[in-house]
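These notes concern the structure reproduced below.
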Amino acid sequence: MRVPFYRLELDRNEIEEVIDTLKSGWIGTGPKTIEFEKRVKDFIGSKYAVALNSCTAGLHLALLLYNVKEGDEVITTPLTFSATANVIVNVGATPVFADVDRTTGNISPQKIEEAITERTKAVIPVHLYGMPCDMDRIMDISRKYNLKVVEDAAHAFGSIYKGKKIGTIGDITSFSFYVTKNITTAEGGILTTGDEELATKAQILRLHGLSRDAWKRYIEEETRHYEVVLPGFKYNMTDIQASIGLHQLAKFEYLQKRREEIWRQYDEAFSTMEEIELLKSDEREGTYHARHLYTILLKLEKITGTREEFVRMLNQEGVGTGIHFIALHLHKFYKEKYGFKRGMFPNAEYISNRTISLPFYPYMKDGEVEYVIRSVKKVISKIKK
């Protein structure tokens, strides 16, 4: 048997919606994108939502909206995808890493406060794997030092922190709808905020800085010329993408229920294994882990091989895997550009050195889940001390 790391299955509704869009005569940013924005806004409970072509675009726009620039510093976690820190670099600011909590993998509020300087302008917490960060403490610290909070919620669509949905807590939140995410638009993202002025400016920036978006210009009876009011970007979502998203959103609860079932099966299988460590899933009342990725940590001191050998052996069994993530301060660019060295963020490194993401998606069959469990146990039995 082969179980890929991820597999997407779209149903008839999504396919027919895309076909309807293709036949409509308009496939760019238009009525379905607007409808998708409205439904996401209602789902999250945010005042405003701006659909984009990626979560990265949302993070980039957020920093621009807050005038983060050269000479400024932005604090974030080293245990994340490169996009989180790349957007800081791309606005000319300096990324400052704060270590994570060893038990959750999320950025430590204490380490955030220790990293603040007079040049700090913003904080980007990342809700790793769908586990909400300690937002009360992060917001308290940020307000104390007059910092903006831009949430990287690429993994956290549907996550809830103490009764508040992620997307309603920080100043701006950016979500991802990449193909592997809890819901997808193939590629895409959305920015949420409670600030009308910021939302309006984000709408302008996402489409070249034009005063009026293309769809409005072409459908209105009276022709009006657009005006470039800002040096914007090509960050807009299309109606083709939104067509998929409309039906993905409609079945979110169904998809999540299946994720929860698989998560429980994995937890039951791996939580008692001496060679495997699991990160903490905070299920306090009012808090919900979106369960985007299922990861295990190898207890390297209890096995004879390396993490890479374990991955290779799983692949030989037909089980796909991922590594989420190699800590950013260990990558060539960040080491050479900013002088980061191994040992600076020990908790992030501990997780980075041991983490393995297993196949985890709502389209997995029961037999596939069981096969992944058997394969992990089989490989462990071969390399345990």
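185 is the number of the first residue of the sequence shown in my numbering; add one for each residue after it.
Note that CB positions come from ideal geometry on N, CA and C, so glycine has one too.
All values derive from a computational prediction rather than experimental measurement.
Buried versus exposed, by CB contacts within 10 Å (16 or more), residue i
i, result
"Y478", "buried"
"Q500", "exposed"
"F517", "exposed"
"R526", "exposed"
"S455", "exposed"
"D195", "exposed"
"L580", "Residue 580 lies beyond the residue range present for the chain, which begins at 185 and ends at 569; the question has no answer from this structure."
"G209", "exposed"
"E552", "buried"
"Y472", "buried"
"G347", "exposed"
"T287", "exposed"
"D320", "exposed"
"E411", "exposed"
"G342", "buried"
"S360", "buried"
"D451", "exposed"
"Y329", "exposed"
"I356", "buried"
"G255", "exposed"
"K365", "buried"
"G385", "In the sequence under discussion, the amino acid at residue 385 is Lys, which differs from the Gly named in the question. By the 10 Å Cβ count, K385 comes out buried."
"K198", "A small fix is needed here, since residue 198 is Glu in this sequence, not Lys. That one is buried."
"E533", "buried"
"E200", "exposed"
"T240", "buried"
"T301", "exposed"
Close-in-space but distant-in-sequence residues of the same chain around residue i (CB under 8 Å, 5 per side omitted)
i, result
"L247", "V258, V271, I272, V275, A277, A306 and V334"
"F509", "L263, T264, F265, S536 and T539"
"T260", "T268, A269, I272, P279, V280, F281, A282, I291, V307, I308, P309, V310 and D336"
"N420", "G212, T213, T217, A235, L236, N237, R390, L391 and D397"
"S395", "I388, Y410, E411, V412 and V413"
Neighbourhood of residue i by C-beta, 7 Å cutoff - its chain only, sequence neighbours within 5 removed
i, result
"P546", "L439, R442 and R443"
"E297", "I325"
"I203", "none"
"Q506", "Reading off the sequence, residue 506 comes out as Gly, not Gln. If we look at G506 and ignore the five residues flanking it on each side, its Cβ neighbours are F189 and S541."
"V187", "G502, V503, G504, P543, E552, Y555 and V556"
"T293", "According to the sequence displayed, residue 293 carries Pro and not Thr. These residues qualify, in order along the chain: D318, R321, I322 and I325."
"M548", "I446"
"V252", "V258, V275, A277, K305 and A306"
"A370", "V363, Q425 and I428"
Option nearest residue i by Cα separation, candidates the options
i, options, result
"I367", "N330, S326, S358 and H431", "H431"
"V280", "I356, I291 and A241", "I291"
"G470", "R191, Y419 and I350", "I350"
"Y190", "S427, Y522, Y362 and D451", "Y362"
"K569", "K521, L482 and Y522", "L482"
"D318", "T304, E302, I353 and Y329", "I353"
"V560", "E493, G229 and E533", "E493"
"R303", "K231, S541 and K332", "K332"
"A426", "V224, E193 and V187", "V224"
"D550", "G502, A532, Q449 and Y534", "Q449"
"G393", "R327, L414 and I211", "L414"
"F524", "V495, A383, V252 and L514", "L514"
"E436", "H409, A474 and I424", "First, the amino acid is wrong: residue 436 is Phe here, not Glu. Nearest option by C-alpha distance: A474."
"K222", "Y534, L433 and I300", "L433"
"A383", "D285, E200, L245 and T240", "L245"
"P215", "I424, M185 and E193", "I424"
"K562", "E520, Y522, K519 and V495", "V495"
Contact under 8 Å by Cβ, residue i with residue j
i, j, result
"L391", "G416", "yes"
"F529", "I446", "no"
"L236", "G372", "yes"
"L462", "I480", "yes"
"Y345", "H476", "no"
"F227", "G429", "no"
"Y232", "E380", "yes"
"T377", "S238", "no"
"T217", "T422", "yes"
"K566", "M497", "yes"
"P316", "A340", "yes"
6 Å Cβ shell around residue i - same chain, five flanking residues per side excluded
i, result
"I557", "A453"
"G242", "L236, S358, G373 and L375"
"E459", "K483, K486, I487, I564 and K568"
"Q387", "V234"
"N531", "D283, V284 and R286"
"S154", "Residue 154 is absent from the model: the chain starts at 185 and stops at 569."
Check: residue i C-beta below 7 Å from any heavy atom of the ligand ADP
i, result
"C239", "The ligand ADP is absent from the structure shown, which contains no ligand whatsoever."
Write down every uninterrupted run of the alpha helix (DSSP H) in the stretch 186-237 whose length is 4 residues or greater and which is fully enclosed by it, in chain order.
Along the length of the stretch 186-237, whole alpha helix (DSSP H) runs at least 4 residues long occupy 196-208 and 215-228, reported in chain order.
For a minimum of 3 consecutive residues, which ranges assigned as the beta strand (DSSP E) are wholly contained in the stretch 426-490?
Within the stretch 426-490, complete beta strand (DSSP E) segments of at least 3 residues are found at 478-482, given in chain order.
Please go through the stretch 261-292 and give each complete alpha helix (DSSP H) segment of 4 or more residues, from N-terminal end onward.
Entirely contained in the stretch 261-292, the alpha helix (DSSP H) runs reaching 4 residues are, in chain order, 266-274.
Only counting runs of 4 or more residues, tell me where the alpha helix (DSSP H) segments fall wholly within the stretch 286-369, in order along the chain.
Within the stretch 286-369, the complete alpha helix (DSSP H) runs of at least 4 residues are 293-299 and 319-328.
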